[in-house]
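In UniProt numbering, the protein residues as written are 1 to 331.
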């Protein structure tokens with residue numbers, strides 16, 4: 001029962017990493033699009049792509065938090081009492097990002113538009129970075145089972161910083177591929193070329209960071225390194241293959257195929273982390289069954305989670321389908 005609850009939790013983590021990550025990556029390209037006139041066309045496509053779905057993707061974050069604090073309360077307490085600085089900065093980034101995205105559509109003065117746009121774009125980079133440092137702190141075993149670990153070194157360390165940089169890079173890559181596909185859907189050759197070049201550059205940069213990260217993990221997070229190069233290796237290879245395929249096919253593949261490849265490339269990295277860390281919930285010392293709530297609680301949680309997924313997944317799928325078909329353009 002505890003393992004099943006952990007798998008459901010990790011499904012939510014993967015969904016948020018992919019869908020929410022694409023949203024954060026779009027903010028990265030908003031930030032780097034250039035001055036107002038030069039960046040107008042890319043920002044318009046970003047706004048058009050994000051507007052119907054950007055809030056919906058946070059459902060997965062809420063789902064993960066509920067699953068964690070109900071199904072694994074001791075792990076939740078340990079994480080929150082140790083990694084409260086990056087988690088607090090993450091929450092602040094989400095709030096600032098949402099406010100900036102919403103208000104820049106209604107303010108009329110140029111200076112206000114620039115301020116709200118900068119808030120949206122900057123927080124879109126900061127938020128995934130701090131989420132990546134949280135993952136690095138957990139995966140490297142720096143969160144004690146009883147909580148109250150070092151509030152600084154738990155997330156300011158080689159593995160956490162690697163996780164933060166990789167999170168930003170992967171988000172930017174997925175978003176660039178998605179936006180390339182969107183530009184192709186609207187037959188905008190100029191924007192398609194703009195985002196395609198950035199997808200290719202981001203893939204190279206993120207791949208270089210990942211290669212350098214091998215040495216970092218070997219030195220700083222040995223158990224995670226051996227897990228990723230052992231039973232997690234097939235997933236790592238699938239991720240690399242899908243990433244390379246999406247780049248190779250950027251010029252000619254159907255938009256939906258490109259999006260599927262990018263999603264698989266990002267998702268299998270997250271799943272690979274889970275496989276490499278199993279059966280531990282906190283890096284190297286707190287097992288899933290040790291952190292789990294009583295069976296009665298897990299049984300109730302499983303039923304509630306199943307009902308939530310049955311309601312949320314079809315609704316979100318319908319939202320994405322309507323958006324892809326242009327039915328929400330006038331909303």
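Every residue, glycine too, gets a C-beta built ideally from N, C-alpha and C.
From the DSSP output, in three-state form, read off residue 13 for me.
Residue state, collapsed to three classes: helix.
Does the beta-carbon of residue 84 have 16 or more other beta-carbons within 10 angstroms, so that it is buried, or is it exposed?
exposed
Taking the continuous beta strand (DSSP E) assigned at residue 280, which residues delimit it?
In the DSSP annotation of this structure, the continuous segment of the beta strand (DSSP E) that includes residue 280 starts and ends at 280 to 282.
Among all the DSSP beta bridges, which residues are the ones paired with residue 287?
DSSP lists 280 as partners of residue 287.
Rounded to a whole number of angstroms, what is the C-alpha to C-alpha distance between residue 21 and residue 163?
14 angstroms
What residue does the alpha helix (DSSP H) around residue 153 start on, and which one ends it?
Note, residue 153: premise wrong, no alpha helix (DSSP H); not H, not E.
Terminal residues of the alpha helix (DSSP H) in which residue 23 lies:
21 to 31
Under 9 angstroms between the Cβ atoms of residue 246 and residue 268?
no
Which residues in the same chain as residue 26 place their Cβ atom closer than 6 angstroms to its Cβ, once the five residues preceding and following it in sequence are excluded?
46, 50, 175
So, for residue 331: in the same chain, excluding its five sequence neighbours on each side, which residues have a beta-carbon less than 6 angstroms away from its beta-carbon?
For residue 331, the predicted structure reports a pLDDT of 45, less than 50, and the residue's modelled location is therefore unreliable. A value from the coordinates is still provided. Closer than 6 angstroms at Cβ, skipping near neighbours: no residue.
Backbone CA spacing between residue 13 and residue 170 [nearest angstrom]
15 angstroms
For the putative contact between residue 43 and residue 23, defined by C-beta atoms under 8 angstroms, what is the C-beta separation to the nearest angstrom?
Incorrect: roughly 14 angstroms between the Cβ atoms, too far for contact.
Report yes if the CB atom of residue 157 is closer than 9 angstroms to the CB atom of residue 137, and no otherwise.
Yes. Within cutoff.
For residue 197, the three-state DSSP class (helix, strand or coil)
helix
On a CA-only basis, which of 200, 206, 8 is nearest residue 64? Give me that one, please.
8
Taking Cβ to Cβ, would you say residue 134 is nearer than 9 angstroms to residue 90?
yes
Any idea what DSSP makes of residue 58, helix, strand or coil?
helix
Contacting residues, own chain, Cβ-Cβ under 8 angstroms from residue 259 (five flanking each side not counted)
177, 178, 181
Expressed to the nearest angstrom, what Euclidean distance is found between the alpha-carbon atoms of residue 67 and residue 61?
Residue 67 and residue 61 have their C-alpha atoms roughly 10 angstroms apart.
Is the segment 90 to 109 touching the segment 74 to 81 in the sense that three or more CB pairs, one from each, lie closer than 8 angstroms?
no
Output the distance between the C-alpha atoms of residue 296 and residue 265, rounded to the nearest integer angstrom.
When rounded, the distance between both Cα atoms is 37 angstroms.
Let me know if residue 301 comes out buried or exposed under the rule of 16 or more other beta-carbons within 10 Å of its beta-carbon.
buried
Mind listing, in chain order, the continuous beta strand (DSSP E) runs of no fewer than 3 residues lying wholly within the segment 227 to 309?
DSSP runs (the beta strand (DSSP E)) wholly in the segment 227 to 309: 280 to 282.
Simplified DSSP assignment, three categories, for residue 37:
Coil.
When burial is assigned at 16 or more other CB atoms within 10 Å of the CB, is residue 289 buried or exposed?
Per the 10 Å Cβ criterion, exposed.
For residue 148, I'd like the list of residues in its chain whose CB is within less than 6 angstroms of its CB, leaving aside the five on either flank, ordered along the chain.
For residue 148, where only same-chain residues beyond five positions count, the Cβ hits under 6 angstroms are 81.
Beta-carbon gap between residue 36 and residue 97 smaller than 9 angstroms:
no
What's the C-alpha gap between residue 257 and residue 150?
44 angstroms
Residue 80: first and last residue of the uninterrupted alpha helix (DSSP H) it sits in
Where residue 80 is concerned, the enclosing alpha helix (DSSP H) stretches over 73 to 82.
Going by DSSP in three states, residue 43 sits in which element: helix, strand or coil?
In the three-state reduction of the DSSP assignment, residue 43 falls in the helix class.
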